[in-house]
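Please read the structure below before turning to the comments.
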Amino acid sequence: MSVEGVGEAALGWVWAHRDDFALGDDALAAEGQVNRTWKPLGELTRVCASVSLCTPPAVPLHARARDLLDFAWQQTHRGELFGLMQSLEPFATYPLEIYAAFASAGFRSPGYEASAAVVARTRGWRLTEQYPTRRLGVLEAERHSGIRPHGSAAQALDRTWLGGLPEPWTFERAAGYALTHVVFHVTDWGLAPRGVPPGLADYLPHWLPPWLDTCLEARMWDLSCELLAVAASLPRAPEPAVLDDAWQRLATAQDSSGAVPEEGAAQDAAGADAGPDPYDFSDCYHSTLMTVFAAALTAARQRDADHAGQHAGQGVPG
Numbered sequence: 001m002s003v004e005g006v007g008e009a010a011l012g013w014v015w016a017h018r019d020d021f022a023l024g025d026d027a028l029a030a031e032g033q034v035n036r037t038w039k040p041l042g043e044l045t046r047v048c049a050s051v052s053l054c055t056p057p058a059v060p061l062h063a064r065a066r067d068l069l070d071f072a073w074q075q076t077h078r079g080e081l082f083g084l085m086q087s088l089e090p091f092a093t094y095p096l097e098i099y100a101a102f103a104s105a106g107f108r109s110p111g112y113e114a115s116a117a118v119v120a121r122t123r124g125w126r127l128t129e130q131y132p133t134r135r136l137g138v139l140e141a142e143r144h145s146g147i148r149p150h151g152s153a154a155q156a157l158d159r160t161w162l163g164g165l166p167e168p169w170t171f172e173r174a175a176g177y178a179l180t181h182v183v184f185h186v187t188d189w190g191l192a193p194r195g196v197p198p199g200l201a202d203y204l205p206h207w208l209p210p211w212l213d214t215c216l217e218a219r220m221w222d223l224s225c226e227l228l229a230v231a232a233s234l235p236r237a238p239e240p241a242v243l244d245d246a247w248q249r250l251a252t253a254q255d256s257s258g259a260v261p262e263e264g265a266a267q268d269a270a271g272a273d274a275g276p277d278p279y280d281f282s283d284c285y286h287s288t289l290m291t292v293f294a295a296a297l298t299a300a301r302q303r304d305a306d307h308a309g310q311h312a313g314q315g316v317p318g
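As structure tokens, this is what we get:
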């Protein structure tokens, strides 16, 4: 199956399970679990926003991604819930991070942006202790939400694991997820490869292939998808043969429903009689979304390369 086919199948699963991303009655409850309410919806929004921005309207992924964005926006009562969330947790950053994904795709709530800007000017907001990778995300969210970033993205980047150009053998699961999000933040989720600083632009094409191979070999499909998205976000991508092999291996993990498990064996873990949903939603929704994201970015880079090749082939009139 082609990269586009893998992505379309994965988004088909997401579309069929969109109600599982819906916010429940506990979305604003003090005892509510953010990881089960807002997190899935926020990740759906982030991926669909990126897909809609990197795909032409004629590409099948585009229209479905826009429809899912509309669905997700309705879940927030067209942005009204963000203001309520802020009143309940004034210094929580996740509402702004989720809202910023909507804003990047043109869904905006001026009232929420105004109130968030007030909080962002406080010392409490600026001094909140965060991992450097998370701070990069907050700075990006502020920018997309029309708020002046409260710090330097370059300084935050320098404090991350990836920003320090670590010894490649120190790569492990936590470092892997951290590095992928560093790249996502500095490239505006794959839309601006030139955002990768020169040092990282030289470092990553060299070490990303063995890291990706390690994750694929370990059947860590979720992290593998994120690394494939990173590969498509770099100014200079790894060799095509490396990526072709990785996509073929990922395709073998994809269920006929379009779902991709986070890790482990694919079909044999589900069992022969698992039915149309071989995995629990929580065990595959993120990896399936990341499959969509990586496929859309990979296809976009290929379209750009084909377009550049066509122009180069035309030559200069004599």
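Residue numbers (UniProt numbering): 1 to 318.
Heads up, the beta-carbon is just placed ideally off N, CA and C, and yes, glycines get one too.
Computed from a predicted model, the values in this text were never measured in an experiment.
- Judged by DSSP in its simplified three-state form, W38 adopts helix.
- By the CB criterion at 9 Å, A251 and M1 fall inside the cutoff.
- Here the alpha carbon of T214 sits roughly 30 Å from the alpha carbon of T55.
- Relative to the Cα of E167, the nearest Cα in the group W207, P193, S152, T180 belongs to W207.
- Taking a C-beta distance under 9 Å as the contact criterion, V196 and L136 do not qualify as a contact pair.
- Exclusion of the five residues before and after G111 leaves G83 as the residues of its chain whose Cβ lies within less than 7 Å of its Cβ.
- Annotation for F102: the continuous alpha helix (DSSP H) segment containing it runs 94 to 104.
- For D20, there is no enclosing alpha helix (DSSP H), since its DSSP letter is neither H nor E.
- Take G176, set aside five residues on each side of it, and the residues of its chain with a beta-carbon closer than 6 Å to its own are L223, in chain order.
- For R64, the enclosing alpha helix (DSSP H) begins and ends at 60 to 75.
- Note on W125: 16 or more other CB atoms within 10 angstroms of its CB, so buried under the neighbour-count rule.
- Annotated as proximal: L61 and G7, with beta-carbon spacing under 9 Å.
- DSSP places P278 outside any alpha helix (DSSP H), giving it a letter other than H or E.
- The beta-carbon separation of V292 and L11, rounded to 5 Å, stays under the 8 Å limit for a contact.
- A distance of 9 Å or more separates the beta carbons of V242 and L204.
- The straight-line gap separating the alpha-carbon atoms of E89 and S50 is approximately 27 Å.
- Ranked by Cα distance from E226, the first of A218, E4, K39, M290 is M290.
- In the same chain as L216, and ignoring 5 residues on each side of it, the C-beta atoms closer than 8 Å to its own belong to S224, A246, R249, L250, in chain order.
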